[in-house]
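Q: Heads up: the first sequence runs through residues 1439 to 1857, numbered per the working numbering.
All residues carry an ideal CB built from backbone N, CA and C; glycine is no exception.
Below you'll find the structure I mean.
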Amino acid sequence: MELKLKLNFILVTSNRRGGGIMAQISLNDIFSKYTSKKPIFKDKDTLSIRFTPENIPHRSEQINQLAHILAPVLRNEKPSNVFIYGKTGTGKTLIAKKVAANLEIVAEPNNLKIIYINCKMRKVTDTEYRLLAQLIEFFGEKVPYTGLPTSELYNRFFRLLDASRQNVVLVLDEIDSLVDKIGSLFLYNLTRINQDLEKTKITLVGISNNISFLENLDSRVKSSLSEEELIFPPYNATEIKDILTERSRIAFHPETITDAAIAKCAALAAQEHGDARKAIDLLRVAGETAERIGSNQVREEHVDIAQNKVDTDRYIETIHSQPKQSKIVLKAVLELYKKNAKGIQTGDVYDLYAKICQKNNIKSLTQRRVSDLITELDNFGIISTVNISKGRYGRTRKINVNLSGTVVSKIEEMFSKEL
DNA sequence: GTTAGTTCAGTTGAAAGCAATATTATCGGCTAC
DNA sequence: AGCCGATAATATTGCTTTCAACTGAACTAACGA
1439 MELKLKLNFI LVTSNRRGGG IMAQISLNDI FSKYTSKKPI FKDKDTLSIR
1489 FTPENIPHRS EQINQLAHIL APVLRNEKPS NVFIYGKTGT GKTLIAKKVA
1539 ANLEIVAEPN NLKIIYINCK MRKVTDTEYR LLAQLIEFFG EKVPYTGLPT
1589 SELYNRFFRL LDASRQNVVL VLDEIDSLVD KIGSLFLYNL TRINQDLEKT
1639 KITLVGISNN ISFLENLDSR VKSSLSEEEL IFPPYNATEI KDILTERSRI
1689 AFHPETITDA AIAKCAALAA QEHGDARKAI DLLRVAGETA ERIGSNQVRE
1739 EHVDIAQNKV DTDRYIETIH SQPKQSKIVL KAVLELYKKN AKGIQTGDVY
1789 DLYAKICQKN NIKSLTQRRV SDLITELDNF GIISTVNISK GRYGRTRKIN
1839 VNLSGTVVSK IEEMFSKEL
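Spelled out as structure tokens, the structure:
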């Protein structure tokens, strides 16, 4: 990315007079640095989220359980529906996919159909209609993007299901967001399909990282969805270390990464509810950092830098994707924070916010809305708030900023460009 | 010193308004009989 | 007649505003010993 940007810059400047020679030098510089150094990464793709490793350490129990639960499809019987729960980065998706893939290999052809849908994908599963359209497409039939009543889609879907005479395993990843968007009625209908269909059986595998999701579900859906439950506990530091060691063997050239660096990644990720995905991410960024600095080995200090960068990037990204109004609110908060670090109150924030809006000719929101925006910022972890009552002097929220100095200045930089 | 009542400065929940999108229904034109 | 795309009509969404009830400790005033 950085390289690309720099290249663009060079191309532009070298079109101008005089810029040519300098550009040539720096270009050569970059390339020679790239080729003369021994590379650190052997296969960087293995550190991406999409990569499915052969070997998944510390999850054999879950794999076995899931395999046992789903195995009856091979004998043409209907397995129980499964509900898989576990925090992010505990391998739920990975294992569901893996087991499904193996199942498909073993099963007689045309006897089993596994459908994997990630419900978080916007535009794909926003509404009941789209989801059904997706499902129907999996059976190879096209439906118009619009124009048909939803009930018609149900009919078509049923017909296709019945006609296919297959065992269908439907994996719904991030199922909680599905229910958020289109309600649990859909799931209810799905679980009831089996009673109406003769030749086809459908099995649901729901994956969620939100445990309270099951609790506030319609009880009928709840009981049928969670005939079997699978819990993925978070990894501890040692387990993450194993995972990273295993992965680094295929991702890095030998000797280019120190044990200490791996241990550090593992420790940092373990602190945050044992998120293996984060650990792997950290490893990748640490590798990139080392590469960029020109080191031929990934060391602890690179992990530190990476951790910092990952954190910063995450904040910057969330803030960047916020709507304008929310950014202005944050700007107001930060300005007050610079003046006096403690005791920022909503009232002050709102006043300053209104002022900023006026200055930039932006329509300001009501206090009510701003209050909600502050709550949102709180939820993102960008700021933290405490409700306090100041007796005779009313009630407010005390706001604290959770960002480090570097992040704050980066944000300010961003704001100065945008606002 | 205690107790009961006020008050302030927002918080919070529900409902309604509004504009932007997405969906559905309708219509006129075109083609093939 | 039947199909198609365009367009009007309608519904849904996401974001806000409006309204109004609620909050909880500092402050006050009255109470009682």
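Identify whether Lys-1551 lies in helix, strand or coil by the three-state DSSP scheme.
A: Taking the first sequence and counting its residues from 1, the one referred to as residue 1551 is at position 113. Correct three-state label for Lys-1551: strand.
Q: Buried or exposed: Pro-1832, going by 16 or more other Cβ atoms within 10 Å of its Cβ?
A: Locating residue 1832 in the first sequence gives position 394, where the first residue counts as 1. Looking at the sequence shown, residue 1832 is not Pro but Gly. Classification of Gly-1832: exposed, given that the 10 Å Cβ count is below 16.
Q: Give me the Cα-Cα distance between Ile-1700 and Gln-1796, rounded to the nearest whole angstrom.
A: Taking the first residue of the first sequence as 1, we reach residue 1700 at position 262. Taking the first residue of the first sequence as 1, we reach residue 1796 at position 358. If you take the alpha carbons of Ile-1700 and Gln-1796, they lie about 51 Å apart.
Q: Where does the unbroken alpha helix (DSSP H) through Tyr-1523 begin, and where does it stop?
A: If you number the first sequence from 1, residue 1523 lands on position 85. It is not in any alpha helix (DSSP H) - Tyr-1523 instead sits in the beta strand (DSSP E) that spans 1520 to 1524.
Q: Skipping 5 residues on each side, what residues in its chain have a beta carbon closer than 8 Å to that of Gln-1783?
A: Taking the first residue of the first sequence as 1, we reach residue 1783 at position 345. Counting only Cβ-Cβ distances below 8 Å, and skipping sequence neighbours, we find Thr-1834, Arg-1835, Lys-1836, Ile-1837.
Q: For a test of the three-state rule: what should DSSP assign to Glu-1856, helix, strand or coil?
A: Position 418 of the first sequence, counted from the first residue, corresponds to residue 1856. Looking at Glu-1856 - three-state DSSP - the assignment turns out to be helix.
Q: Count the other CB atoms within 10 Å of the CB of Val-1544; is the residue buried (16 or more) or exposed (fewer)?
A: Residue mapping note: residue 1544 aligns to position 106 of the first sequence, counting from 1. With fewer than 16 other Cβ atoms within 10 Å, it is exposed.
Q: DSSP state of Gln-1681, grouped into three classes?
A: For the purposes of this step, residue 1681 is taken as the residue at position 243 of the first sequence. Correcting the residue identity first, residue 1681 is Ile in this sequence and not Gln. Ile-1681: helix per DSSP, three-state reduction.
Q: Thinking just about the alpha-carbon of each residue, which of Ser-1464, Thr-1756, Asp-1786 is nearest to the one in Gly-1819?
A: What you label residue 1819 is simply residue 381 of the first sequence in a count that begins at 1. Taking only the C-alpha atoms, the option nearest Gly-1819 is Thr-1756.
Q: Take Glu-1665 and list the residues in its own chain whose beta-carbon comes closer than 6 Å to its own, dropping the five residues that flank it on each side.
A: Stepping through the first sequence from its first residue, residue 1665 is reached at position 227. Ser-1518, Asn-1519, listed in sequence order.
Q: How is Thr-1756 classed by DSSP in three states: helix, strand or coil?
A: Within the first sequence, residue 1756 is the residue found at index 318, counting from 1. Helix, per DSSP.
Q: Flag this pair as touching only if the region 1627 to 1639 and the region 1486 to 1503 have three or more C-beta atom pairs under 8 Å; answer yes or no.
A: The region 1627 to 1639 is not in contact with the region 1486 to 1503.
Q: Roughly how many angstroms separate the alpha carbons of Asn-1453 and Glu-1773, rounded to a whole number?
A: Position 15 of the first sequence holds residue 1453. Position 335 of the first sequence holds residue 1773. Here the model assigns Asn-1453 a pLDDT of 40, short of 50, so the residue's position is not dependable and the matter cannot be decided.
Q: By the 10 Å Cβ neighbour count, where 16 or more other Cβ atoms means buried, how is Gly-1781 classified, buried or exposed?
A: For the purposes of this step, residue 1781 is identified with residue 343 of the first sequence, where counting begins at 1. Classification for Gly-1781: exposed.
Q: For Asp-1481, which of helix, strand or coil comes out of DSSP?
A: For the purposes of this step, residue 1481 is identified with residue 43 of the first sequence, where counting begins at 1. Asp-1481 falls in the coil class under three-state DSSP.
Q: Is it true that the CB of Thr-1844 sits closer than 9 Å to the CB of Thr-1696?
A: Reading the first sequence from its first residue, position 258 is the one you call residue 1696. Reading the first sequence from its first residue, position 406 is the one you call residue 1844. Contact flag unset, no.
Q: Is there contact between the region 1533 to 1547 and the region 1706 to 1715, where contact requires at least three CB pairs shorter than 8 Å?
A: The answer is no - the region 1706 to 1715 does not touch the region 1533 to 1547, with fewer than three Cβ pairs under 8 Å.
Q: Would you grab the beta carbon distance between Ala-1707 and Val-1723 for me? Rounded to a whole angstrom, and I think it's under 8 Å.
A: Position 269 of the first sequence holds residue 1707. Position 285 of the first sequence holds residue 1723. The pair is not a contact, with the Cβ atoms about 12 Å apart (cut-off 8 Å).
Q: Just to confirm, is the Cβ distance from Ile-1688 to Pro-1491 under 9 Å?
A: Translated into positions along the first sequence, residue 1688 becomes position 250. Translated into positions along the first sequence, residue 1491 becomes position 53. The answer is yes: Cβ separation under 9 Å.
Q: Do Ala-1704 and Lys-1679 have their C-beta atoms closer together than 9 Å?
A: Counted from its first residue, the first sequence places residue 1704 at position 266. Counted from its first residue, the first sequence places residue 1679 at position 241. Yes. Within cutoff.
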